[in-house]
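S.K.: Quick one: structure below, then a few questions.
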């Protein structure tokens, strides 16, 4: 079986495993099943996909500018204005628990499945842009269980744009969990000029694409030369 096919099939199987929890209720034991599934998912993606950690976005070159400052500026700091707009009051302890919850049930598994494994599979078989769009649309559609909305698709495209250009997914795992925690726990209401803050992640995605295209053009020029 070709590697990209194995990666796509593994993504589908692991996604099905996670989605099956929507139809299973084991009461108190459910949390242990969820934890076991998460551990199995991590092992399956890292050990059985056929892709190296670098190809999955879990290793390789590290840059303070690309992998810390860039996601901090475009994906995390834009959340600060939430403190200044109407939002639900939640203690730091409760918010930390929300963040940990979404790190384990959304940030880690979804980024491993889609920005790591499915992205690598599509990119190997098709192209980087196809991987960006394809994995984002599929990631969006699997949210049917909680109801589909365009913000989910836009978020997936933003995260995939970063993955395409800067290759690593660790910042995306954190950003994904933080976004979920902020918008679900705090339920901020952006009004007036505050709503422009939401455009920061899109600006980051746009800049990522420009950097990617510039790099591709340079590679083509070097190969032709």
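Residue numbers (the working numbering): 4 to 228.
Cβ atoms here follow ideal geometry from the backbone N, Cα and C, with glycine treated the same way.
For a quick check, are the C-beta atoms of residue 201 and residue 164 less than 7 Å apart?
M.R.: no
S.K.: Determine whether the beta carbon atoms of residue 196 and residue 88 lie at a separation below 7 Å.
M.R.: Inclusion of residue 196 and residue 88 in the CB contact set at 7 Å is not warranted, their separation being larger than that value.
S.K.: Would you say residue 131 and residue 167 are within 7 Å of each other, going by their C-beta atoms?
M.R.: yes
S.K.: With burial defined as no fewer than 16 other Cβ atoms inside 10 Å of the residue's Cβ, what is the status of residue 152: buried or exposed?
M.R.: Around the Cβ of residue 152, a 10 Å sphere holds fewer than 16 other Cβ atoms; the residue is exposed.
S.K.: Using only CA atoms, which one of 122, 150, 48 lies nearest to residue 288?
M.R.: Coverage of the chain is limited to positions 4 through 228, which leaves residue 288 absent and any answer about it impossible.
S.K.: Taking only three categories from DSSP, how would you classify residue 152?
M.R.: Here DSSP, grouped into helix, strand and coil, assigns residue 152 to coil.
S.K.: Measuring only the C-alpha atoms, how far is residue 4 from residue 120?
M.R.: 16 Å
S.K.: Sorted by chain position, which residues of the same chain lie with C-beta nearer than 8 Å to residue 160's C-beta, five sequence neighbours on each side aside?
M.R.: 135, 136, 139, 208
S.K.: When the Cβ atoms of the stretch 169-183 are set against those of the stretch 45-65, are three or more pairs found closer than 8 Å?
M.R.: Segments in contact, yes.
S.K.: With three or more beta-carbon pairs closer than 8 Å as the criterion, would you say the stretch 72-91 touches the stretch 141-156?
M.R.: no
S.K.: Is the distance from the Cβ of residue 7 to the Cβ of residue 113 below 7 Å?
M.R.: no
S.K.: Nearest-angstrom Cα distance between residue 14 and residue 142?
M.R.: 11 Å
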